[in-house]
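Undergrad: Next up is a structure, given as structure tokens.
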Ligand SMILES: Nc1ncnc2c1ncn2[C@@H]1O[C@H](COP(=O)(O)OP(=O)(O)OP(=O)(O)O)[C@@H](O)[C@H]1O
Ligand SMILES: [Mg+2]
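This is the structure:
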């Protein structure tokens with residue numbers, strides 16, 4: 061300490077240097093603070109945007125996770141439903157009769173009123189009843205308890221999306237219809253349980269019945285095909301290029317083009333698939349198999365690039381060690397390098413698949429946006445995928461589809477987050493220090 | 002010291018040439034790292050390569066088992082023969098060559114596998130063990146020769162990368178001797194070892210000499226003097242002087258050798 065204070069007088073030169081360092085230090089510190097601040101600001105902005113996105117999706121989508129249902133005591137009238145005529149029968153009339161019992165004062169002599177009354181129930185209610193009776197014809201003549209979805213306008217009313225204060229002519233439900241619903245509610249037959257139909261139903265024209273089952277299964281098959289093709293091919297190509305191919309003009313050319321391929325807009329792959337897979341090979345339209353092939357074209361460059369990076373990251377000392385003992389090139393690659401690169405490869409693959417899961421444009425081009433009301437039985441059946449289902453729903457005018465679109469996006473995001481979390485988990489688990 | 006000298010005499014009388022290099026030149030791209038080196042490495046002898054950093058010791062050593070093949074830009078000219086056979090002959094498989102000419106690297110590089118698997122790897126790929134018991138025996142013998150058996154015998158199935166640097170290096174030596182090579186190349190094998198482990202490795206080298214030819218690159222004059230019978234001094238890619246260790250250290254012919262040994266260049 062004493063030295064420091066005495067220093068400047070004895071050796072002015074040294075003192076100047078120390079001053080200069082101190083002066084520049086404040087400047088450098090200020091710069092560092094500024095950089096840190098900017099970085100934090102950028103991260104904060106990103107988080108804010110993410111928060112707004114998720115919040116808006118949740119606020120518009122959470123309604124779709126519940127579904128307004130009505131519980132009816134249905135007398136399966138043998139007059140209307142005859143065992144020998146199944147599966148046909150007057151299911152709609154039977155349902156309407158049990159509704160009339162709940163609302164006795166409604167005069168059902170007029171056809172329009174009967175229709176309006178039946179409109180409380182979802183169109184799918186009669187099919188629910190039919191399926192139960194067909195499964196067990198002994199129900200005919202008995203009274204059964206049935207819980208069925210209400211139709212979309214009443215669902216929206218129950219969820220508060222339809223404002224009772226708007227003038228009647230601007231409302232989808234008339235005053236008397238709202239009154240019916242309030243009476244039903246007062247009788248305690250209206251409930252709002254978790255909407256399992258969102259996952260277990262296929263698509264439908266009626267929002268209260270529409271679900272993601274077809275899209276989920278379609279996406280599963282598409283991703284499965286995509287993985288089964290792009291993973292082995294991508295890794296094989298990467299190993300060859302990285303470990304065995306001679307470095308020359310041709311391999312440089314291939315490398316450049318693989319990188320270019322990764323940057324090609326996905327819609328172009330869709331056009332290619334449309335021309336080649338469907339046009340030339342005659343594969344079926346709208347099939348997840350074709351979707352998977354198309355997505356594989358897009359995922360392969362990603363996997364090749366990730367695999368090559370992972371192979372490159374294996375320290376050369378490991379190769380030298382194995383070579384030095386007399387391992388052959390392929391023993392080195394498959395016995396040492398590839399296992400060590402595997403976590404990196406898997407991470408890249410999962411991220412590639414996550415991209416493929418969210419990819420929409422190429423699937424639209426090969427017709428995976430068709431309106432299909434049953435889940436596919438296999439990869440060659442017509443189906444939609446999650447993103448194309450979102451696309452379809454987003455295009456539909458009914459109120460019920462608005463919240464369902466957001467809910468479907470949340471489901472898709474859920475899958476993407478899960479996949480990325482798995483990738484991060486794998487990366488951390490297998491991270492090594494050499 | 003007297004003992005050492007007598008060994009040297011004995012060695013020269015008995016031993017034949019194991020590796021003969023003539024006119025070896027090595028290029029990294031345009032840059033020449035080895036300029037016309039000729040040397041004869043004897044069987045059942047320890048040969049030390051000494052010289053200042055960057056003079057090409059490692060490069061020349063790696064020519065002897067064709068490890069330089071793995072470096073794309075590296076080109077080797079000249080003629081290197083192992084037991085009279087040209088090792089750069091297209092008919093020679095470098096894999097077979099490396100089974101005969103083992104190598105220990107400067108930086109310990111165990112596989113990220115168990116200690117047992119590290120040592121067993123070579124015997125396995127070359128099919129040296131007929132049974133599990135056989136393999137167990139090879140592993141134990143190799144680990145003993147690597148002077149590390151006592152430290153690891155209770156944890157053979159733990160990863161080799163979990164050992165200390167010095168232990169890792171001895172594991173690598175054990176791994177190299179497990180394939181029973183005829184020549185063992187060691188590139189500064191003791192640079193990560195403490196004096197005790199160094200002494201153990203030197204003892205091991207001395208023992209290996211009874212059966213093999215050992216080439217060791219070292220920056221320690223004392224080590225070169227202790228373990229080797231022959232010494233080669235490299236400088237700027239040239240082999241300046243090659244001869245009996247005793248003679249090189251006591252009575253070098255070339256002034257560059259003398260100034261390096263006495264610490265004036267390096
Ligand atoms: N892979 C490589 N690519 C290009 N040049 C290299 C490569 N390896 C070595 N060299 C060059 O070859 C020359 C000899 O290097 P080498 O590693 O053989 O030296 P060395 O004698 O082993 O040195 P040290 O004692 O420091 O290990 C050096 O000039 C070095 O820069
Ligand atoms: Mg070296």
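Protein chains in written order, with the numbering used here: chain A, 61 to 494; chain B, 2 to 267.
Don't be surprised by glycine CBs; every beta carbon is placed ideally from N, CA and C.
The structure displayed is predicted, hence computed values, not measured ones.
(1) Any heavy atom of ligand 1 inside 7 Å of the beta-carbon of residue 36 of chain B?
(2) With 7 Å as the C-beta to C-beta threshold (strictly closer), list the residues of the segment 300 to 315 of chain A near chain B in chain order.
(3) Cβ of residue 91 of chain A within 7 Å of any heavy atom in ligand 2?
(4) Given this structure, state the Cα-to-Cα distance separating residue 158 of chain A from residue 184 of chain A, to the nearest angstrom.
(5) Cutting at 6 Å between CB atoms, please list the residues of its own chain near residue 257 of chain B, excluding the five before and the five after it.
(6) Which residues in chain B have a C-beta closer than 8 Å to the C-beta of residue 400 of chain A? List them in chain order.
(7) Output yes if chain A places a C-beta closer than 8 Å to the C-beta of residue 96 of chain B; else output no.
(8) Quick one: does residue 180 of chain B have its CB under 8 Å from some CB of chain A?
(9) Do residue 26 of chain B and residue 82 of chain B count as a contact pair if the criterion is CB distance below 8 Å?
(10) Taking CB distances under 8 Å as the criterion, tell me whether residue 458 of chain A reaches chain B.
(11) Going along chain B in order, which residues have a C-beta closer than 7 Å to the C-beta of residue 396 of chain A?
(12) Just to confirm my understanding: we take residue 350 of chain A, look at its own chain, exclude 5 residues before and 5 after, and list those with CB closer than 6 Å. What are they?
(13) Any beta carbon from chain A within less than 8 Å of residue 123 of chain B's own beta carbon?
(14) Classify residue 81 of chain A as buried or exposed, calling it buried when 16 or more other Cβ atoms lie within 10 Å of its own Cβ.
(15) Taking residue 562 of chain A and residue 247 of chain A to be in contact with their CB atoms under 8 Å, please state how far apart those CB atoms are, rounded to whole angstroms.
(16) According to DSSP, is residue 390 of chain A helix, strand or coil?
(17) Could you spell out the range, first to last residue, of the alpha helix (DSSP H) harbouring residue 227 of chain B?
(18) Please list the partners that residue 377 of chain A has in chain B, where partner means a Cβ-to-Cβ separation under 8 Å.
(19) Relative to ligand 3, is the shortest distance from any of its heavy atoms to the C-beta of residue 218 of chain B smaller than 7 Å?
(20) Measure the beta-carbon distance from residue 314 of chain A to residue 370 of chain A and round it to whole angstroms, keeping in mind my assumption that it falls under 8 Å.
(21) Using only the heavy atoms of ligand 2, determine whether one of them is closer than 7 Å to the beta carbon of residue 192 of chain B.
(22) Answer yes or no: do residue 179 of chain A and residue 435 of chain A have a C-beta to C-beta separation smaller than 8 Å?
(23) Taking 7 Å as the cut-off, is the C-beta of residue 57 of chain B nearer than that to any heavy atom in ligand 1?
(24) Quick check on this structure: which residue in B:159, B:151, B:210 and B:165 has the alpha carbon closest to the alpha carbon of residue 46 of chain B?
(25) What's the C-alpha gap between residue 126 of chain A and residue 215 of chain A?
(26) For residue 103 of chain B, decide whether its Cβ has a neighbour in chain A, counting only Cβ atoms nearer than 8 Å.
(27) Measuring alpha carbon to alpha carbon, tell me which residue in A:346, A:89, A:282 and A:381 is nearest residue 413 of chain A.
(28) Assuming residue 23 of chain B is part of the beta strand (DSSP E), what are its boundary residues?
(29) Taking three-plus beta-carbon pairs below 8 Å as touching, is the segment 324 to 339 of chain A in contact with the segment 283 to 294 of chain A?
(30) Indicate the three-state DSSP secondary structure (helix, strand or coil) for residue 119 of chain A in the structure shown.
(31) If residue 207 of chain B and residue 228 of chain B are in contact, beta carbons under 8 Å, what's the gap, nearest whole angstrom?
(32) Would you mind telling me which residues of chain A sit closer than 8 Å to residue 71 of chain B, beta carbon to beta carbon, in chain order?
(33) Taking three-plus beta-carbon pairs below 8 Å as touching, is the segment 156 to 169 of chain B in contact with the segment 101 to 117 of chain B?
(34) Which residues bound the beta strand (DSSP E) around residue 75 of chain B?
(35) Name the DSSP beta bridge partners of residue 188 of chain B, please?
(36) Ligand 1 and residue 221 of chain B: does any heavy atom of the ligand fall closer than 7 Å to the residue's C-beta?
TA: Checking against the coordinates, here is how it stands:
(1) no
(2) 307
(3) no
(4) 16 Å
(5) 236 and 241
(6) 113
(7) yes
(8) yes
(9) no
(10) no
(11) 112
(12) 337, 343 and 426
(13) yes
(14) exposed
(15) Nothing can be reported for residue 562 of chain A, as the shown portion of chain A is limited to 61 through 494.
(16) helix
(17) 222 to 228
(18) 106, 108 and 110
(19) Looking for ligand 3 in the displayed structure turns up nothing; the ligands present are ligand 1 and ligand 2.
(20) Residue 314 of chain A to residue 370 of chain A, Cβ: 19 Å. No contact.
(21) no
(22) no
(23) yes
(24) B:210
(25) 10 Å
(26) yes
(27) A:282
(28) 18 to 29
(29) no
(30) helix
(31) 6 Å
(32) 379, 380 and 383
(33) yes
(34) 75 to 83
(35) B:218
(36) no
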